[in-house]
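Student: Quick mapping for you: the protein sequence lines, in order, are chains P and V. Heads up: the first sequence begins at 1 in the working numbering, then just goes up one per residue. Heads up: the second sequence begins at 1 in the working numbering, then just goes up one per residue.
There are 2 protein chains.
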Amino acid sequence: MATQTPDSPVAASAARDPERTRSEILAVATHEFADKGFAGARVDEIAAKTRTTKRMIYYYFGGKEGLYISVLEQAYTGIRALEQQVDVEHLDPAEAIRQLTALTFDHHESHPDFIRLVSIENIHRARHIARSEILAGLANPALDALTRILDRGRAAGRFRDDVDPIDVHMMISAFCVFRTANRYTFNAIFKRDMLDPARRDHYRTMIGDLVLEYLTASG
Amino acid sequence: MATQTPDSPVAASAARDPERTRSEILAVATHEFADKGFAGARVDEIAAKTRTTKRMIYYYFGGKEGLYISVLEQAYTGIRALEQQVDVEHLDPAEAIRQLTALTFDHHESHPDFIRLVSIENIHRARHIARSEILAGLANPALDALTRILDRGRAAGRFRDDVDPIDVHMMISAFCVFRTANRYTFNAIFKRDMLDPARRDHYRTMIGDLVLEYLTASG
DNA sequence: CAATGTATGTACTAGATAGTTAGTTATACT
DNA sequence: AGTATAACTAACTATCTAGTACATACATTG
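Here it is, written out as structure tokens:
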């Protein structure tokens, strides 16, 4: 009785839910590609981990590469939506930099799959990102925020004036990405887990100090 | 006449040169793995690009994974040999930091294959490095040099004293690795090639400033 | 120079893998 | 109710790929 009421309005549930099918494939694929890379991931395995079949991957995404590109698109846009929430406009410039840095730090730490996808896409020389219309012109809200903060800091004579927003963003990213992306080889060689919770605050402060000392130096 | 003199002492040349066969396979494999990752690289293609056959890969390296591990071992030990050449002992500590930073910068820039192999190995969670006896206890000479420099700088009251050599090494690596490893996605999104020769000096100075400002700050 | 092990090449195979064919079932619309 | 279409399934296939069996040439050494 409780099985399949055809007219039940919400509980079309299990069968026939294109939205769910699509998003479930994407979610599983995100994890699989992040875990094993594009060549290492297996279409059959992705399908097996969903409640649908391989055919649906081809139905919705065209193929392995189409699926991978969709994964990248979703990951990047999801991240950007999160970054939109930066609200550091009315803070003291130095404090704003500190918060933006901490935000990037937290963000990268809590999205290892995204960091891994970025690494993987760099191995592919960003070939797929280039092919995606969505990702081609994807601005970075964190960069906009940063630009305004730097302008204010410079106007107030607090920051050095030979500073470029993209460069500052690069410094912050470099540190935060390295900590997550190179965790394993770094630990293998230096016997130090950069993601050890005991060292989290230390590194979180460190990257803030690093950037601020540079910005407030004479230049 | 010039073909195959069996007693010619050096020119056993083309045929029968195990040393050359082995090293040629390694060289080609290094490039292929760095280019396409472990799963993406093809044993047949590696073999085709050497003057020998696939059979020799299995003869000398046991299999694809054995070959990959050998590639990592060779790459890491080659790099370490280069790092040994750091001679910054008798310099002013600040100047020594600058030189060490520049050395890392130059090094990473001129060894993209190595950087790619490191990225790839991180995707594999350093599984293969862990399995290699050679790489397990591979110290980092750059780190030793750094430790002594920091000690001297601290003793002279020039560097902050809450500083840890591994952390400083991490800062330097983060920047230099990021610049090479994330070149493609960074360029795709920010339209800036971090390896543009026109910006090389700028970044080379920047990482030196960054580290030194941090080290000489109050702490 | 015989013999023994090292080095090398050719041809093959079993299994994996991306992608497809040919359909069936549910749902929305008229 | 009838029908068009979107969503879905199961089974199949061509090809690729890591790895191997087998045969053989070369070199070293007693």
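Note that the Cβ used here is the ideal one computed from N, Cα and C, for glycine as well. All of these numbers come straight from a predicted model, not from anything done at the bench.
Going by beta carbon distance, what residues of the same chain come within less than 7 Å of Ala96(V), once the five residues before and after it are set aside?
Tutor: So the list reads Val88, Ile149, once near-sequence residues are dropped.
Student: In or out: Pro197(V) buried (at least 16 other Cβ within 10 Å) or exposed?
Tutor: Result: exposed.
Student: For a contact defined as C-beta to C-beta under 7 Å, what are the partners of Thr185(P) on chain V?
Tutor: Correct list: Val118, Glu121, Asn122, Ala126, Ile129.
Student: Is the CB of Met56(P) under 8 Å away from at least one CB in chain V?
Tutor: Chain V contact via Cβ: absent.
Student: For Asp113(V) versus Ala34(V), is the C-beta distance shorter than 8 Å?
Tutor: Their beta carbons are under 8 Å apart, which means Asp113(V) touches Ala34(V) by this criterion.
Student: Quick one: list the residues of chain V neighbouring Ile166(P), beta-carbon separation under 7 Å, in chain order.
Tutor: Result: Phe190, Arg192.
Student: First and last residue of the alpha helix (DSSP H) that includes Ala41(P)?
Tutor: Here Ala41(P) belongs to no alpha helix (DSSP H), and DSSP marks it neither H nor E.
Student: Would the region 174-184 of chain P and the region 177-187 of chain V be scored as touching if the rule is three or more Cβ pairs under 8 Å?
Tutor: Touching, yes, given that three or more Cβ pairs across the two stretches are closer than 8 Å.
Student: State the start and end residues of the unbroken alpha helix (DSSP H) segment that holds Met56(V).
Tutor: It spans 54-61 - the alpha helix (DSSP H) in which Met56(V) sits, taken as one unbroken run.
Student: From the DSSP output, in three-state form, read off Leu150(P) for me.
Tutor: Looking at Leu150(P) - three-state DSSP - the assignment turns out to be helix.
Student: Is it right to say His169(P) is buried, meaning 16 or more other beta carbons lie within 10 angstroms of its own, or is it exposed?
Tutor: With 16 or more Cβ atoms within 10 Å of its Cβ, His169(P) is classed as buried.
Student: Are the CB atoms of Leu82(P) and His108(P) nearer to each other than 8 Å?
Tutor: In this structure, His108(P) does not lie closer than 8 Å to Leu82(P) by Cβ.
Student: Rounding to the nearest angstrom, what Cα-Cα distance links Tyr58(P) and Arg20(P) in this structure?
Tutor: Each residue's Cα considered, the two are about 16 Å apart.
Student: Does the beta carbon of Leu138(P) sit closer than 8 Å to a beta carbon anywhere in chain V?
Tutor: Taking Cβ atoms only, chain V reaches closer than 8 Å to Leu138(P), which makes this a yes.
Student: Who are the near neighbours of Phe105(P) in its chain, counting only those whose CB is closer than 7 Å to its CB and skipping five residues on each side?
Tutor: So the list reads Cys176, Arg204, Ile207, once near-sequence residues are dropped.
Student: Answer yes or no: does any C-beta atom of chain P fall closer than 8 Å to that of Tyr228(V)?
Tutor: In this structure chain V extends from 1 to 219, so residue 228(V) is not present and cannot be described.
Student: Taking CB distances under 8 Å as the criterion, tell me whether Gly153(V) reaches chain P.
Tutor: No - not a single Cβ of chain P is within 8 Å of the one on Gly153(V).
Student: Indicate the three-state DSSP secondary structure (helix, strand or coil) for Ser218(P) in the structure shown.
Tutor: In the structure shown, Ser218(P) sits in coil (DSSP, three-state: anything other than H, G, I, E or B).
Student: Using 8 Å as the limit for Cβ to Cβ distance, is Ala27(V) near chain P?
Tutor: With 8 Å as the cut-off, Ala27(V) does not count as an interface residue toward chain P.
Student: Within a Cβ cutoff of 8 Å, which residues of the same chain sit near Pro141(V), ignoring the five residues on either side of it in sequence?
Tutor: Arg80, Glu83, Gln84, Val86.
Student: Could you tell me whether the Cβ of Val177(P) comes closer than 8 Å to any Cβ of chain V?
Tutor: Cβ-Cβ to chain V under 8 Å: yes for Val177(P).
Student: In the region 112-166 of chain P, which residue ranges form an unbroken beta strand (DSSP E) of at least 3 residues, counting only runs that do not cross its ends?
Tutor: DSSP runs (the beta strand (DSSP E)) wholly in the region 112-166 of chain P: none.
Student: Quick check on Lys191(P): buried or exposed, where buried means 16 or more other Cβ atoms within 10 Å of its Cβ?
Tutor: Burial call: exposed.
Student: So which residues of chain V does Leu210(P) contact, with C-beta pairs closer than 7 Å?
Tutor: Correct list: Met171, Leu210, Tyr214.
Student: Check for me: the alpha helix (DSSP H) holding Leu82(V) runs from which residue to which?
Tutor: From DSSP, the alpha helix (DSSP H) with Leu82(V) extends over 64-83.
Student: Quick one: residues in its chain with C-beta nearer than 7 Å to the C-beta of Ser8(P), no 5 flanking neighbours on either side, listed in chain order?
Tutor: Only weak support is given to the placement of Ser8(P): the predicted model assigns it a pLDDT of 35, under 50, and the question is left unresolved by the model.
Student: Give me the chain P residues within the contact set of Ala181(V), using Cβ-Cβ distance strictly less than 8 Å, ordered along the chain.
Tutor: Under the 8 Å cutoff, chain P gives Ser119, Asn122, Ala181.
Student: I'd like the list of long-range same chain contacts for Val171(V), defined as Cβ closer than 8 Å, with 5 residues on each side in sequence excluded.
Tutor: According to the sequence provided, residue 171(V) is Met. The question's Val does not apply to it. Hits under 8 Å: Leu210, Val211, Tyr214.
Student: In or out: His128(V) buried (at least 16 other Cβ within 10 Å) or exposed?
Tutor: Buried: at least 16 other Cβ atoms inside 10 Å.
Student: Can you have a look at Ala155(V) and say buried or exposed, based on whether 16 or more other CB atoms are within 10 angstroms of its CB?
Tutor: Exposed.
Student: Looking at the unbroken alpha helix (DSSP H) that takes in Asp106(P), where does it start and where does it end?
Tutor: Element bounds for Asp106(P): 93-110.
Student: Around the Cβ of Pro165(V), are there at least 16 other Cβ atoms within 10 angstroms (buried) or fewer (exposed)?
Tutor: Label assigned to Pro165(V): buried.
Student: Could one say the Cβ of Gly37(P) lies closer than 8 Å to chain V's Cβ atoms, at least one of them?
Tutor: Yes, Gly37(P) lies at the interface with chain V (some Cβ there is under 8 Å from its Cβ).
Student: Excluding five sequence neighbours on each side, which residues of the same chain lie with their C-beta closer than 6 Å to the C-beta of Gly37(P)?
Tutor: Same-chain partners within the cutoff: Ile120.
Student: What does Gly40(V) touch in chain P if you count any residue whose Cβ is under 7 Å from its own?
Tutor: Correct list: Ala39.
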